[in-house]
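The listed protein sequences derive, respectively, from chains A and B. Going by this note's numbering, the first residue of the first sequence is number 58, and it counts up by one from there. Going by this note's numbering, the first residue of the second sequence is number 58, and it counts up by one from there. Down below is the structure, laid out as structure tokens.
2 protein chains.
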Amino acid sequence: MAANKEDVKLLAMVESPFVGRVDIALNLKGIQYKYEVENLKNKSELLLKSNPVYKKVPVLVHNEKSISESLVILEYIDETWTQNPILPSDPYKRALARFWSKFIDDKVIDAARKALYSHDEKEREKGAEEIDEALHLLENELKDKFFGGEEIGIVDITAVIIAYWLPIIQEAFGEKLFTSDKFPKLYNWSQDFNNHPIVKEHLPPRETLMIYYKGHYERHIASK
Amino acid sequence: MAANKEDVKLLAMVESPFVGRVDIALNLKGIQYKYEVENLKNKSELLLKSNPVYKKVPVLVHNEKSISESLVILEYIDETWTQNPILPSDPYKRALARFWSKFIDDKVIDAARKALYSHDEKEREKGAEEIDEALHLLENELKDKFFGGEEIGIVDITAVIIAYWLPIIQEAFGEKLFTSDKFPKLYNWSQDFNNHPIVKEHLPPRETLMIYYKGHYERHIASK
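Written out as structure tokens, the structure reads:
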């Protein structure tokens with residue numbers, strides 16, 4: 058890991074896939090940073106001051122300048138530390154990478170929330186159809202080992218929520234949204250991604266997430 | 058307007074504020090392009106082929122490569138034609154510009170839709186409160202003539218929906234969400250923005266939008 062004299066802090070919560078994105082990107086870049094766990098029931102002064110709009114993690118604090126919103130942070134990281142680029146250099150390829158990253162945030166996550174957390178059965182069914190369609194689009198988009206080509210790029214990092222979180226969350230909720238038989242290419246990609254040495258080292262323990270999302274299931278679904 | 062030999066097309070719909078963003082950015086850059094109006098009830102082959110995921114305008118087609126999603130297109134335009142930059146050069150300032158552009162898309166537009174289009178009175182009230190809060194955050198963020206400083210930047214362009222569209226839409230719906238007494242700085246900014254010579258020349262006629270959004274009001278609200 059490269060040494061850096063700069064002050065870099067990541068305001069974090071282990072269970073958040075959005076924090077996971079930033080964590081992976083910083084480690085792919087070889088940046089040293091402090092991982093500061095926030096208690097969302099008792100948010101730190103630093104969190105409230107550095108993300109007054111959303112008051113959410115992740116926040117990257119770099120030499121006292123704070124940046125919020127995981128996709129915005131990923132672009133900042135790539136522009137600030139230019140080694141191991143996560144965005145392509147060609148403007149058109151950059152546009153495509155941004156398009157698919159945004160697609161994951163706008164479509165996959167929204168559909169997954171609906172499919173898993175809605176109390177209305179019809180809404181849950183609709184969410185399941187939408188995530189199916191969205192994952193098929195991603196399945197068709199995957200041309201190489203990674204969305205970024207031979208190396209991990211911003212779309213792969215954004216999609217950690219599909220590669221690592223979704224299989225655990227769907228198990229906690231007793232659903233099957235993302236399976237190897239329906240999405241064989243995406244499944245192979247998820248294995249390659251999760252087993253990438255740097256990614257693997259920085260993913261939170263499966264058991265930690267399972268307990269957390271089973272708690273979600275109990276509170277949001279089972280008890281209603 | 059600078060000459061360019063390249064083939065640039067904007068698949069468009071006059072009434073769309075998202076198209077308006079791209080139109081303004083291309084003109085601020087002095088790019089020559091064809092403005093191709095789509096009929097959304099009978100979409101062109103080119104639209105279906107170039108934006109298969111959303112099948113929506115705007116789409117920028119540059120030398121047969123197509124880019125969708127207005128914020129993604131704005132970044133592409135800035136990286137492809139570097140004159141009159143719309144994003145700052147400093148990575149931190151770029152991050153802030155991306156944060157506020159995304160904020161407008163995620164918060165202001167979502168709240169405005171709820172405040173204007175929801176059939177549930179409580180939802181409409183909630184939307185009105187949310188847009189009030191979001192516009193106050195933008196009011197506080199406005200430090201110079203424009204969000205971009207002395208020149209128009211990506212946040213200003215993204216916010217054309219507030220500067221030009223919102224006053225017309227709220228009038229069509231008989232609502233008062235954005236007013237000069239509640240948001241004096243933002244109101245002054247909107248006047249400066251709308252009257253910028255290049256912006257002014259490329260905004261759609263007020264009357265065209267009024268007819269279109271009164272139609273929305275009749276179909277979505279008045280007839281229910």
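Idealized CB from N, CA, C, for every residue including glycine.
- Of all residues in the region 107 to 139 of chain B, the ones placed with a Cβ closer than 7 Å to any Cβ belonging to chain A are V110, K122, I124, S125, E126, V129, E132, Y133, E136, T137, in chain order.
- Comparing C-alpha distances from V71 of chain B to each of B:I268, B:E207, B:D162 shows the shortest one belongs to B:I268.
- For V65 of chain B, the enclosing beta strand (DSSP E) covers residues 65 to 69.
- Boundaries of the alpha helix (DSSP H) around K257 of chain A: 254 to 259.
- The continuous stretches of alpha helix (DSSP H) do not include K62 of chain B, and DSSP gives it neither H nor E.
- Interface annotation, Y269 of chain A: not in contact with chain B, CB-CB separation never under 8 Å.
- The straight-line gap separating the alpha-carbon atoms of K239 of chain A and N245 of chain A is approximately 12 Å.
- Listed in chain order, the alpha helix (DSSP H) elements of length 4 or more contained wholly in the region 93 to 143 of chain A are 102 to 107, 127 to 137.
- For K239 of chain A, the nearest beta carbon of chain B is not closer than 8 Å to its own beta carbon.
- Here the region 121 to 140 of chain B does not lie against the region 172 to 181 of chain B, with fewer than 3 beta-carbon pairs under 8 Å apart.
- In terms of beta-carbon proximity, A152 of chain A lines the interface with chain B, with at least one pair separated by less than 8 Å.
- Taking CB atoms only, K179 of chain B has no neighbour in chain A less than 8 Å away.
- Secondary structure note for Q227 of chain B: its alpha helix (DSSP H) is the uninterrupted segment 223 to 230.
- Secondary structure at F203 of chain B: strand, using DSSP grouped into helix, strand and coil.
- In this structure, DSSP gives K233 of chain A a state outside helix and strand, which the three-state scheme calls coil.
- Note on G210 of chain B: 16 or more other CB atoms within 10 angstroms of its CB, so buried under the neighbour-count rule.
- Taking 8 Å as the threshold, the shortest C-beta distance from P254 of chain B to chain A does not fall below it.
- For L194 of chain B, the closest Cβ of chain A is nearer than 8 Å.
- Per DSSP, F240 of chain A lies in no alpha helix (DSSP H) and is assigned neither H nor E.
- Bridge partners of K179 of chain A according to DSSP: none are assigned.
- For P74 of chain A, the enclosing alpha helix (DSSP H) begins and ends at 74 to 86.
- About 16 Å separates the CB atoms of K171 of chain A and A229 of chain A; that is not less than 8 Å, and the two are not in contact.
- Contact check for L103 of chain A against L68 of chain A passes: the beta carbons are separated by less than 8 Å.
- By the Cβ-count criterion, K257 of chain B is exposed, with fewer than 16 other Cβ atoms from all chains shown falling within 10 Å of its own Cβ.
- Remark: C-beta atoms of L243 of chain B and L192 of chain B approach each other more closely than 8 Å.
- CA-CA distance, A169 of chain B to D189 of chain B, rounds to 9 Å.
- Distance from the CA of L83 of chain B to the CA of H253 of chain B, rounded to the nearest whole angstrom, comes to 15 Å.
- Taking each of B:T265, B:R276, B:P261, B:Y274 in turn and checking the Cα distance to G77 of chain B, the smallest one comes out for B:P261.
- Here K202 of chain A is not near W138 of chain A, since their CB atoms are 8 Å or more apart.
- Along the region 203 to 232 of chain A, none of the residues has a CB nearer than 7 Å to a CB of chain B.
- Among the residues of chain A, those whose CB is under 9 Å from the CB of F156 of chain B are V110, I124, S125, E126, V129, following chain order.
- Pairing I88 of chain B with K233 of chain B, the inter-Cα distance amounts to about 36 Å.
- If the five residues before and after S158 of chain B are omitted, its C-beta is found closer than 6 Å to the C-beta atoms of L128, I211, V212, T215, all from its own chain and listed in chain order.
- Excluding the 5 residues flanking it on each side, L199 of chain B has same chain C-beta neighbours closer than 6 Å at K242, W246, in chain order.
- Beta-bridge partners of K91 of chain B (DSSP): B:K66.
- Classified as exposed, V94 of chain A has fewer than 16 neighbouring CB atoms from the shown chains inside 10 Å of its CB.
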